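Chains as they are written, first to last, in full-length UniProt numbering: chain A, 1 to 355; chain B, 1 to 256.
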């Protein structure tokens, strides 16, 4: 079978063919190189790179992964992402505050589980409604959670300002409050969660989600537990998003602030997975890179080229317009996202190697 | 005489006052191929939907394997051994053939989500066992070559076979086929008939199917039930039904 035109996502390729084998080796190899690069980055990068670029990029990837499990794999659209991030952040904050003897990884996980349980409750309407109606009900969850954390002082330990400073980060006695420490905490969490999520989507649980996404009536008839599957997707998704929210607060901002988990955040994450590729793991990183790195790049390029020529406000508007245009252009080029674009590129590269 | 696998007694169903099924009764014997025929709107699909719990009958009873179905849900029917394929393509279109057929085994899954997430406990053994069963069914239905293809990219006739594989892999004792040969050309129909006969003969699965092509029905089935406007107008062997004047009037017409 010719390797030209094969595409894993469309499935024209067959596993076992040489092109596919080379392709997989290329992908695994490049993932290893990427990981090695990410681990060695603190040796070269300065604090600005870690603080302002890499840490938010990694956390955005994790958040996108969380939403992608729900929306890309299980087909349940949600705009409650910001709300679930805030649940994770406030839950972890309170665990660190009230149960300081717990090690940080346990507090993070428990914060995620609390967010997951809130996600299950928020997911209950999905048993009755779908599509835009479900989006509207998750929107209600978003607003309710924002209101809740502003309204009740208990969550922020009765702090007078709406933002509270994060407790010191330490794992087994190692202080992680330096940029490098926070970077490694984030990277380790992202690697572990990605590995587990990858396993999960390839298991019968992931297949349950994709079956519900593609044809829920047929899924029910062949005996797939549709309601339980939807609620599990809400649980795991909100768990991952909750952990990401806690990292956003502690490893990135250094404060827990409900305003950074507003509806804009929910939209940002949804755009990230649409751009990156729904129902794809690597798409989350590509989408997060697009959402976090591209604006920074445009900022630098724009500032360098036109810095003196036009005023800052105009420049910012111009950058936004350009960002929007790029987003539209990419989606027209490849509606299935950057992950599909990359997958095609890999196939072509692999066919060059095999020739 | 063993007890019939499926007994329908006085089953009635109406949609907003319009009778779809009217006091329908018949038996399906264990191990037979039973064809439901009748003009469009005769209530054939509605009947299948009652048997596997998609619709609920207004009155009457459905007894499957000696158990009366009361307020049964489709998932429960599947657990009890009722398999089903669909008239219109209802595959999981973004998934491969392998994944579609594996999905037919989800109801046999004992491993929990946590076991899946970490690949521990029952997960590994189950996934090996499931893959083996899918490979068997794929070989049986001649799907091995298409195993890793995304179903949306496959020809229609093969998609119908994937639907059959997905229903069969869980080992149902009763298989409901809703127009398994709709839209197929003559070769594809013959191929599908062969697979249905083989399923019945070598796996011993009882089959209830809906089909319009009379030559296919006569060649395949042991037992034919004829519906017209929600009523049963014929019930017997293919030969009996072919000779029955009511059936000829209602459905077969004089041209056949």
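Virtual Cβ for every residue (Gly too), placed ideally from N, Cα, C. If you're wondering where the values come from, they're calculated on a predicted model, not measured in any experiment.
query	result
Who are the neighbours of residue 225(A) on chain B, taking C-beta pairs under 7 Å?	75
Can you tell me whether residue 144(B) is buried or exposed? The criterion is at least 16 other CB atoms within 10 Å of its CB, across all chains shown.	exposed
Give, in chain order, every residue of the region 46–70 of chain B whose Cβ lies closer than 8 Å to some Cβ of chain A.	52, 54
Considering just the uninterrupted stretch of the alpha helix (DSSP H) at residue 190(B), what are its terminal residues?	186–198
Among the residues of its own chain, which have a CB less than 7 Å from the CB of residue 32(B), if the five just before and after it don't count?	206, 222, 223
Could you check if residue 42(A) is buried or exposed, using at least 16 other CB atoms within 10 Å of its CB as the buried criterion?	buried
Does DSSP put residue 17(A) in a helix, a strand or coil?	Here residue 17(A) scores only 45 on pLDDT, less than 50, and its place in the model is too uncertain to base an answer on.
Listing by chain order, which chain A residues have their CB less than 7 Å from the CB of residue 95(B)?	210, 214
Look up residue 316(A) in the DSSP assignment and say whether it is helix, strand or coil.	helix
Would you grab the beta carbon distance between residue 278(A) and residue 337(A) for me? Rounded to a whole angstrom, and I think it's under 8 Å.	7 Å
For the alpha helix (DSSP H) that residue 99(B) lies in, which residues bound it at each end?	97–103
Alpha carbon to alpha carbon, how far is residue 96(A) from residue 107(A)? Give it in angstroms, no decimals.	7 Å
Residues in its own chain within less than 7 Å of residue 109(B) by CB, not counting five upstream and five downstream?	126
Report the neighbours of residue 123(B) on chain A: residues whose CB is nearer than 7 Å to its CB, in chain order.	203
Does the distance from the C-beta atom of residue 227(B) to that of residue 42(B) stay below 8 Å?	yes
Using a Cβ cut-off of 8 Å (strictly closer), state whether residue 333(A) contacts chain B.	no
Residues of chain B with CB under 8 Å from residue 222(A), in chain order?	78, 83, 84, 103, 104, 106, 107, 166, 167, 170
Grab me the residues of residue 110(A)'s own chain with a C-beta within less than 6 Å of its C-beta, minus the 5 sequence neighbours each way, in chain order.	95
Just to make sure I have the definition right: I need the residues of chain A whose C-beta is within less than 8 Å of the C-beta of residue 99(B). Which are they?	207, 210
Give every residue of the same chain whose Cβ lies closer than 6 Å to the Cβ of residue 302(A), excluding the five residues on either side of it in the sequence, and list them in chain order.	315, 319
Would you report the Cα separation of residue 140(B) and residue 195(B), rounded to the nearest angstrom?	8 Å
Output yes if chain A places a C-beta closer than 8 Å to the C-beta of residue 92(B); else output no.	yes
For residue 296(B), which beta-bridge partners are listed by DSSP?	No answer is possible for residue 296(B): it lies beyond the span of chain B, which begins at 1 and ends at 256.
Work out the CA separation of residue 227(A) and residue 176(B) for me, nearest whole Å.	24 Å
Assuming contact is defined by CB atoms lying nearer than 8 Å, are residue 252(A) and residue 53(A) in contact in what I supplied?	no
Nearest chain B C-beta to residue 218(A) closer than 8 Å, yes or no?	yes
Would you mind listing the alpha helix (DSSP H) stretches within the region 56–143 of chain A that are 4+ residues and don't spill past its ends, in chain order?	81–98, 104–123
Can you have a look at residue 255(B) and say buried or exposed, based on whether 16 or more other CB atoms are within 10 angstroms of its CB?	Any reading at residue 255(B) must be qualified, since the residue scores a pLDDT of 46, below 50, and its modelled position is unreliable; no value is offered.
In chain order, what residues of the same chain have a beta carbon less than 7 Å from the beta carbon of residue 71(A), not counting five sequence neighbours either side?	77, 78, 273, 278
Using a Cβ-Cβ distance cut-off of 8 Å, determine whether residue 119(B) contacts chain A.	yes
Pull the bridge partners of residue 34(B) from the DSSP assignment, please.	208(B), 223(B)
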